[in-house]
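Protein chains in written order, with this note's numbering: chain S, 6 to 119; chain E, 26 to 134. We put the beta carbon where it would ideally sit given N, CA and C, even for glycine. As the structure is a prediction and not an experimental result, all values here were calculated from the model. Working notes, beginning with the structure itself.
Next comes the structure, spelled out in structure tokens:
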């Protein structure tokens, strides 16, 4: 399966700052997702994006978060006013949306909020 | 949201051993089932989808029991390189994956 790239690989930010995490998915995939994994915990769903709209979001995905596809290719997750508890690995994933419903994860961005 | 539960682990086995992981899911509407492998501080990598009839990929065999809402993964002839955390995940028709906490496998020589 072709790779999804994510940038940056590691982001350190101060509490209260805004961060933008980027993902470059494969263009022929229909479904895009953001997940996070706090160290030592399970992978948690944040939001899914289909046809340039949010299709589903979790309770975690509150007003602090937003997603965009600003140029039709890159896919961004913005976290406004970061908190210490936002420190986690953030994974972008994509799916073809075919009957397999398989999702493939990017390498992730490690976000550290100090 | 309903949960996915996995064996707590860790599983420590010698090379060549056969090891089985179990996973239960609580949402009976779940439609798709997966096993992922995750190495330390890396992304989950899809190991295999789990089909109703069961499926095999080399040394790996996955089984699904919809009635019991139970998924399993069997690894035969364990290799050192199989050491990782194995994540069970379920979803409904392309929606969010719901993951278990994972089971850690350590294969030793």
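Buried/exposed call for residue i, threshold 16 Cβ in 10 Å
i: residue 13 of chain S; result: exposed
i: residue 81 of chain E; result: exposed
i: residue 104 of chain E; result: exposed
i: residue 64 of chain E; result: exposed
i: residue 66 of chain E; result: exposed
i: residue 11 of chain S; result: buried
Option nearest residue i by Cα separation, candidates the options
i: residue 62 of chain E; options: E:134, E:47, E:80 and E:128; result: E:128
i: residue 109 of chain S; options: E:105, E:34 and E:122; result: E:122
i: residue 21 of chain S; options: S:85, S:36, S:9 and S:60; result: S:85
i: residue 54 of chain S; options: S:18, S:117 and S:97; result: S:97
i: residue 101 of chain E; options: E:40, E:53 and E:93; result: E:40
i: residue 42 of chain E; options: E:99, E:35 and E:28; result: E:99
i: residue 90 of chain S; options: S:11, S:8, S:18 and S:10; result: S:18
Cα-Cα separation, residue i to residue j
i: residue 87 of chain S; j: residue 76 of chain S; result: 25 angstroms
i: residue 81 of chain S; j: residue 55 of chain E; result: 28 angstroms
i: residue 70 of chain S; j: residue 116 of chain E; result: 23 angstroms
i: residue 51 of chain S; j: residue 83 of chain E; result: 33 angstroms
i: residue 32 of chain E; j: residue 87 of chain E; result: 15 angstroms
i: residue 28 of chain S; j: residue 48 of chain E; result: 30 angstroms
i: residue 132 of chain E; j: residue 106 of chain E; result: 8 angstroms
i: residue 63 of chain S; j: residue 47 of chain S; result: 15 angstroms
i: residue 8 of chain S; j: residue 111 of chain S; result: 7 angstroms
i: residue 89 of chain E; j: residue 112 of chain E; result: 15 angstroms
Bridge-paired residues (DSSP) for residue i
i: residue 112 of chain E; result: E:61
i: residue 52 of chain S; result: S:39 and S:62
i: residue 97 of chain E; result: E:47 and E:88
i: residue 133 of chain E; result: E:39
i: residue 101 of chain S; result: BP columns for residue 101 of chain S are empty, so no partner.
Reduced DSSP category for residue i - H, G, I as helix; E, B as strand; rest coil
i: residue 82 of chain E; result: strand
i: residue 40 of chain E; result: coil
i: residue 106 of chain E; result: helix
i: residue 73 of chain S; result: strand
i: residue 44 of chain S; result: coil
i: residue 107 of chain S; result: coil
i: residue 82 of chain S; result: strand
The ligand ADP heavy atom lying under 8 angstroms from the CB of residue i
i: residue 94 of chain E; result: Inclusion of the ligand ADP in the displayed structure is not the case, the ligand content being empty and no account of it being possible.
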